[in-house]
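The structure under discussion appears below in the form of structure tokens.
Protein chains: 2
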Amino acid sequence: MKNKEICILLVDDEPDILEIVGYNLTAAGYNVLTADNGKKAVKLAKKKKPHLIILDVMMPEMDGIEACEQIRKIPELEKTLIAFLTARGEDYSQMAGFDAGADDYITKPIKPKILVSKVKALLRRWETEKPEELVTLGNLTIDREAYRVLLEKEEISLPRKEFELLSLLASKPGKVFTREDILQNVWGNEVVVGGRTIDVHIRKLREKLGDEKFRTVKGVGYKFSV
Amino acid sequence: MKNKEICILLVDDEPDILEIVGYNLTAAGYNVLTADNGKKAVKLAKKKKPHLIILDVMMPEMDGIEACEQIRKIPELEKTLIAFLTARGEDYSQMAGFDAGADDYITKPIKPKILVSKVKALLRRWETEKPEELVTLGNLTIDREAYRVLLEKEEISLPRKEFELLSLLASKPGKVFTREDILQNVWGNEVVVGGRTIDVHIRKLREKLGDEKFRTVKGVGYKFSV
DNA sequence: TAAATTGCGTAACCTTTTCTTAATATGCGG
DNA sequence: CCGCATATTAAGAAAAGGTTACGCAATTTA
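Note that the protein sequences, when read in sequence, are chains A and B. Per our numbering, residue 13 is the first one in the first sequence, and the count goes up by one each step. Per our numbering, residue 13 is the first one in the second sequence, and the count goes up by one each step.
Structural data, given as structure tokens:
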């Protein structure tokens, strides 16, 4: 089943739910990841970039709403689908969830068939909207999935950090990313690195891909330009 | 509200539902069309190409499921969002609806706030046409996100302080900003700088963007004028 | 498993740009 | 024509970023 390529992150603090939902989704051919609190969820999401995230609203550590907001802030996950799990009748949760950027909600108790149907419906849209896994900007082509970069049809191999950095900047050409933005997205929230680290990586990118593509905006940050 | 451009087709055979749902959607700024059976719905959909269609499942003439299937067959409406209205607990309807190509379902009894939230969530994805955050004033264009300024289509590069200053003044053309206002906003509350600093920056802006745009109001401050 | 390679972050130093100041000139309102 | 507020200018300080080389760690290769 070609669904194997489709990845769903399932987040709930109740192992039972994790199991039953996970089982059904797996049976439907999806690749399922799980986390038992919001913090782990955000971390995993950043790392694995799932196509759909199913979040329980009520959780310890970080509730679903907050997790959703966090995830929505990550540029690469902007298009990720998010659905909430909520007990029936919790209108408030549903509202807040939609405001936080949810695409759907699923009410407990969970009915496997309905669940799978909803998931399919959600992903159907994703599949049709997503022919463009390749981004081309000038003489540069970025294939996020394959972790490859082509410059004038020549393949350039970039180490992880450089790739992530390029990927971030290129995700919104023209937009200035502050150093903070960059640290946040490429290095992660908690990591602390020295002040010149970003520069060094930028330099390497410039070396390999051409100076002019990476514009410095002094006092602010960097941007990608075509 | 710019939602006026967004068009929703609402289909139900009960006038009450049509009215209450229609009212709420209209109040939320959407443009609402209605039909009271499946046949009319398909016809209207073909003609008006709404962005979202809300279909009651149970209807005379042609039920929602069939209408949905019909609509999905129309190439132009392939991407149209479809949501079903269904009584709670009708699992069968829900399943069939998803199979027919629905994107969501809404259960009766209808709660207006939830309804509007769901509609927003559904359309959010569609709405992702980005409204550029550009400010244009006469021959000048300011793009805060990209940190760019265009004068007669020529890009002018401005250092941070100059950009912030321009940005502030241009945020309310005509309004006079006192020196204090300016210090507050561009330099920040705690910073103390000499009395002539602002003048110097104004001068640089005048040099680069034209004298006439920055008017001195003696004893008070500066303003931007078109 | 050792050796070699590659990736990453840091420190030290260099270059450039940006900001501020200070000193002097100008000009408007009275 | 005076006085106060603003304009102008150049120069030096400070900030920001660029560059390079090095060491540790992870990864790959032998």
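Each residue gets a CB set at the ideal place from its N, CA and C atoms; glycine is no exception. Since this is a predicted model, take the numbers as computed values, not measurements.
- At a Cβ-Cβ threshold of 8 Å, A/Asp-155 and A/Leu-163 do not count as neighbours.
- Under the 8 Å criterion on CB atoms, B/Ala-39 is classed as non-interfacial with respect to chain A.
- Flagged as an interface residue toward chain A: B/Lys-130, by a C-beta distance shorter than 8 Å.
- Using a Cβ-Cβ cut-off of 8 Å, A/Arg-84 does not count as an interface residue toward chain B, since no Cβ of chain B sits closer than that to its own.
- Using a Cβ-Cβ cut-off of 8 Å, B/Arg-218 does not count as an interface residue toward chain A, since no Cβ of chain A sits closer than that to its own.
- The segment 63-78 of chain A and the segment 87-100 of chain A touch, with no fewer than 3 CB-CB distances between them shorter than 8 Å.
- Contacts between B/Ala-53 and chain A, judged by CB atoms closer than 7 Å, are missing: the closest CB pair is about 20 Å apart.
- A/Gly-233 has A/Thr-190 and A/Val-229 as its beta-bridge partners, per DSSP.
- Per DSSP, the beta-bridge partners of A/Tyr-117 are A/Phe-96.
- Nearest in C-alpha terms to A/Asn-151, of all of A/Leu-180, A/Gly-206 and A/Leu-221, is A/Leu-221.
- Contact between B/Lys-235 and B/Phe-175 is absent: CB atoms are separated by about 18 Å, not below the 8 Å threshold.
- Under the three-state reduction of DSSP output, A/Asp-155 falls in the strand class.
- By the Cβ neighbour-count rule, B/Thr-38 is exposed, with fewer than 16 other Cβ atoms within 10 Å of its own.
- If you look at B/Ile-168, you'll find it in the beta strand (DSSP E) that goes 166-168.
- In this structure, DSSP gives A/Asp-223 a helical state, which the three-state scheme calls helix.
- The beta carbon of B/Met-74 sits closer than 7 Å to the beta carbons of Asn-49, Gly-50 and Lys-51 from its chain, once the five residues preceding and following it are set aside; these are given in chain order.
- Close CB contacts of A/Ala-40 within its chain, under the 6 Å cut and outside five residues either way in sequence, are with Val-128 (chain order).
- One Cα belongs to B/Ser-183, the other to B/Arg-227, and the distance between them is close to 15 Å.
- The Cβ-Cβ distance between B/Ala-57 and A/Ala-133 does not fall below 8 Å.
- Interface criterion not met: the Cβ of B/Arg-227 is under 8 Å from no Cβ in chain A.
- Annotation: Cβ neighbours of B/Arg-172 in chain A (cutoff 7 Å, chain order): Lys-230, Gly-231 and Val-232.
- Per DSSP, B/Arg-208 lies in no alpha helix (DSSP H) segment and is marked neither H nor E.
- B/Leu-67 is the residue among B/Asp-25, B/Val-23, B/Leu-67 and B/Pro-171 whose C-alpha sits nearest the C-alpha of B/Ala-112.
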